[in-house]
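What follows is one structure encoded as structure tokens, with my remarks underneath.
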Amino acid sequence: MIETERLTMRPFYENDLGIIMSLYSNEEIMRYMPNDVMNVEKAQKHLNKVVCDWKEKPQVSFEMAVISKYDQEKIGRSRIHLDYETDTVMIGWLLLKKDWGKGYATEMTRALIDYSFDVLNVHRVCALCHPKNIDSWRVLEKCNMRREAHFIQKCKYIKGGNITWEDELEYAILESER
């Protein structure tokens, strides 16, 4: 579990399908994600997988429900994916649209970076985002992550059965840089 001033990030439980559906079935939230929106069946499979990921040894994927401390409402998901060979993690998040613009993404990102360095003892933290997702890359820059690459047509997006190749930005910060 990861705590911030306003948020708790904890492992997903089997009864968390509601927040998974609210996030992954919303086209606006999923706009800059490579995969299409999910129906209930796909969302349930995804939830089952992330619940099982917490039991994996060694654990590589830490996908967490994000809960507001103010009202205990589930407002999003955060994720850390660990690569043991390179001592690197990839972080990411999704928030309900009603919670955009409240500073939660920055708060989560800072906490994910701190947890990655202080608890997981990694050397490097990375994040990817679509170049048109200006709010996301601004969050990364606010958290002192530097833009390391702009990949051209690197990421395969599948939306409504259509495939497009989209650009992708990579940001990173080293433990020694924070």
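Using my numbering, read the sequence shown as starting at 319 and increasing by one per residue.
Cβ atoms here follow ideal geometry from the backbone N, Cα and C, with glycine treated the same way.
Because the structure is a prediction, the values reported are computed rather than measured.
Where in the stretch 420-478 do unbroken runs of the beta strand (DSSP E), each at least 3 residues long, occur, reported from the N-terminal end onward?
442-447 and 464-477
What's the gap between the Cα of G336 and the Cα of R442?
Position 18 of the sequence shown, counted from the start, is the residue given in the question as residue 336. Position 124 of the sequence shown, counted from the start, is the residue given in the question as residue 442. For G336 and R442, the distance between alpha carbons rounds to 33 Å.
Buried or exposed for R395, going by 16 or more other Cβ atoms inside 10 Å?
For the purposes of this step, residue 395 is taken as residue 77 along the sequence shown, with counting starting at 1. Under this definition R395 is a buried residue.
Go ahead and pull the three-state DSSP assignment for L335.
The count along the sequence shown starts at 1 and reaches residue 335 at position 17. Here L335 sits in helix by DSSP.
What's the gap between the Cα of I476 and the Cα of E493?
If you number the sequence shown from 1, residue 476 lands on position 158. If you number the sequence shown from 1, residue 493 lands on position 175. Whole-angstrom Cα-Cα distance: 34 Å.
On the three-state DSSP scale, how would you describe Y342?
Counted from its first residue, the sequence shown places residue 342 at position 24. Note: Y342 maps to helix in three-state DSSP.
Rank I470, P329, I393 and H364 by C-alpha distance to the C-alpha of Q347 and give the top, closest one.
Here residue 347 corresponds to residue number 29 of the sequence shown, with the count starting at 1. The sequence given here places Ile at residue 347; Gln does not occur at that position. The shortest Cα separation from I347 among I470, P329, I393 and H364 belongs to I393.
Do the CB positions of D417 and S386 come within less than 9 Å of each other?
Against the sequence shown, residue 417 aligns to sequence position 99. Against the sequence shown, residue 386 aligns to sequence position 68. Their beta carbons are under 9 Å apart, which means D417 touches S386 by this criterion.
Taking 6 Å as the limit between beta carbons, can you name the residues of its chain near G410, skipping five residues before and five after?
Within the sequence shown, residue 410 is the residue found at index 92, counting from 1. R397.
Check this for me: beta carbons of E495 and N462, under 9 Å apart or not?
For this step, residue 495 is matched to residue 177 along the sequence shown. For this step, residue 462 is matched to residue 144 along the sequence shown. Yes, the pair counts as a contact, with Cβ atoms nearer than the cut-off.
Going by C-alpha to C-alpha distance, which of G421, P376 and C447 sits closest to E403?
Working through the sequence shown from its first residue, we reach residue 403 at position 85. If we check each option's Cα against that of E403, P376 comes out closest.
Touching by the beta-carbon criterion (3+ pairs, under 8 Å), the stretch 433-442 and the stretch 479-489
The stretch 433-442 makes no contact with the stretch 479-489, as fewer than three CB pairs between them are under 8 Å.
Please name the residue, chosen from I470, A467 and S454, that lies closest to G421 on a Cα-to-Cα basis.
Start at 1 with the first residue of the sequence shown, and residue 421 comes out as number 103. Selected option, being the one with the closest Cα: S454.
Quick check on this structure: which residue in L458, A423 and E381 has the alpha carbon closest to the alpha carbon of T322?
Within the sequence shown, the letter at position 4 stands for residue 322. Taking T322 as reference, the option from L458, A423 and E381 with the minimal CA-CA separation is A423.
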